[in-house]
Amino acid sequence: MNTPAKLAIFVSGLAVTFGAAMGIGTLFPTSAAVSAAENPPTTAPPGDDGHSHPAPKAAAEVPGGLQISQDGYTLTPRTTELAPGEATDFRFTVTGPDGRPVTDYQVLHEKKMHFIVVRRDLSGFQHLHPELLDGGVWSIRLTLPEAGAYRAFADFAATGGEPLTLGMDLHAAGDYRSKPLAEVTRTAVVGEYTVALTGDLVPGKSGKLTLNVTRNGDPVTDLEPYLGAYGHLVALRAGDLAYLHVHPDGEPGDGKTAAGPGIVFHAQAPSPGAYRLYLDFKHAGTVRTAEFTLTAGGKADVKAPEQTTPDDGGEEHGGH
Ligand SMILES: [Cu+2]
0 MNTPAKLAIF VSGLAVTFGA AMGIGTLFPT SAAVSAAENP PTTAPPGDDG HSHPAPKAAA
60 EVPGGLQISQ DGYTLTPRTT ELAPGEATDF RFTVTGPDGR PVTDYQVLHE KKMHFIVVRR
120 DLSGFQHLHP ELLDGGVWSI RLTLPEAGAY RAFADFAATG GEPLTLGMDL HAAGDYRSKP
180 LAEVTRTAVV GEYTVALTGD LVPGKSGKLT LNVTRNGDPV TDLEPYLGAY GHLVALRAGD
240 LAYLHVHPDG EPGDGKTAAG PGIVFHAQAP SPGAYRLYLD FKHAGTVRTA EFTLTAGGKA
300 DVKAPEQTTP DDGGEEHGGH
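Residue 242 in numbering that gives the first Met the number 0 sits at position 243 of the sequence shown; the count goes up by one each step and never skips.
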């Protein structure tokens, strides 16, 4: 991330801190946030002035997806209520710093907009690519399969802007019971495919995760490129659905990245705790999603399965 982006995140963090410290965050966030953002202190805030500001570094590491508005960009849905189980032409805009819908976007991972929808209990993951209509309106055929509160993430970069993930709540009315989060799950079965995850999420540090794909027990070595990589991994923090930054390690055609069976990512967990991971991978013309639960730090390391060899797939599936 470049310096302006860091500064922007730092400043927005300060604005939030300022508003919260004054106890006025929800009453008039705009003027307070704007004045704090426009007049950042020229030196690092002192830690002993009685207001105990968090360190700038901590502010800069606020994960994505937790805000509907950030760095001047705001998600604006046409509606947030959808009928459960019914396909809807869901539309939204992203309003830019000039107050108008953004119409020009950068292509990232082959798309101008990645739209992730998941119920707040982390079930029902969907990874969609809306269509950009005239006037900066995004349109996607969306079904919220069951009743409940959902979180939708818009992952994009406006032309001339930094990559950003904004989040908003959507609702499907009806009787709702949350599903408990699965215990640590390092092996996922999707049809004929089994995906085994090795590696760990480490709080505050980049951790390497390898996802090993087999089909009917045979290693898959001809994965197909999907969104500029051999897989696309989304990681969400349980409890608030913070959206983690995940980078694929290498890309198809770079001369060193194999088309399976292992897909390597680097992911950084912002804190200890439980996370749900969703791997989209493409093989034989079809995109499938494998889901995992990991715990970063603390108890996770105690609970983690015996991984004495890199080939050892999961806790209960020692061999292949
Ligand atoms: Cu996408």
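Even glycine gets a Cβ: it sits at the ideal position worked out from N, Cα and C.
Item                                                                                                                       : Value
L226: CB within 7 Å of a non-hydrogen atom of ligand 1                                                                     : yes
Nearest to N211 (by Cα), restricted to the options A228, R185 and G190                                                     : R185
Proximity to H282 [Cα-Cα], best of E182, R214 and L232                                                                     : R214
Distance CB(L235)-CB(A228) smaller than 8 Å                                                                                : no
Element boundaries [beta strand (DSSP E), containing I262]                                                                 : G261 to Q267
Rounded straight-line distance, which links the Cα of K178 to that of A156                                                 : 33 Å
The stretch 120-129 / the stretch 99-108 touching (three or more Cβ pairs under 8 Å)                                       : no
Same chain, Cβ closer than 6 Å to G296, five either side skipped, listed in chain order                                    : P202 and P271
Heavy atom of ligand 1 within 7 Å of K111 beta-carbon                                                                      : no
Proximity of I262 and M167 at Cβ, strictly below 8 Å                                                                       : no
One or two residues paired with Y192 in a DSSP bridge                                                                      : V189 and R214
Assigned secondary structure, D239 (DSSP; H/G/I helix, E/B strand, else coil)                                              : coil
Beta-carbon contacts of A151 that lie in its chain and below 6 Å, excluding the five residues immediately before and after : V116, M167 and L169
Local Cβ density within 10 Å of G259, reported as buried at 16 or more and exposed below that                              : buried
6 Å CB neighbourhood of R90 in its chain, flanking five on each side removed                                               : R77, V136 and S138
Closest Cα partner of H231 within the set F264, A257, G216 and V183                                                        : F264
Residue span of the beta strand (DSSP E) that contains K281, given as start and end                                        : G272 to H282
Continuous beta strand (DSSP E) stretch holding V136: start and end                                                        : V136 to L141
Same chain, Cβ closer than 6 Å to E80, five either side skipped, listed in chain order                                     : H170
I115 - containing beta strand (DSSP E), residue span                                                                       : H113 to R118
8 Å Cβ cutoff met for L278 and A266                                                                                        : no
With 16 other Cβ atoms within 10 Å as the buried cut-off, status of T158                                                   : exposed
Those residues which DSSP pairs with K255 across a bridge                                                                  : Per DSSP, none; premise fails for K255.
Spatial distance of L131 from D174 (CA atoms)                                                                              : 34 Å
Nonlocal neighbours in the same chain, by C-beta distance under 7 Å from L143, ignoring five residues either side          : L81, P83, Y149, L169 and A171
Check: H244 C-beta below 7 Å from any heavy atom of ligand 1                                                               : no
Contacting residues, own chain, Cβ-Cβ under 7 Å from E250 (five flanking each side not counted)                            : G227, A228 and T256
Local Cβ density within 10 Å of D217, reported as buried at 16 or more and exposed below that                              : exposed
Which of helix, strand or coil DSSP assigns to D168                                                                        : strand
With 16 other Cβ atoms within 10 Å as the buried cut-off, status of R176                                                   : exposed
Given H97 as reference, the closest of Y72, H113 and R118 once Cα atoms are compared                                       : With the sequence shown as reference, residue 97 is identified as Asp, and His is not the correct amino acid for it. Ranking Y72, H113 and R118 by Cα distance to D97 puts Y72 first.
Cα-Cα separation, D239 to T294                                                                                             : 15 Å
Own chain partners of L141 with C-beta closer than 6 Å, once the 5 adjacent residues on each side are dropped              : T87 and F89
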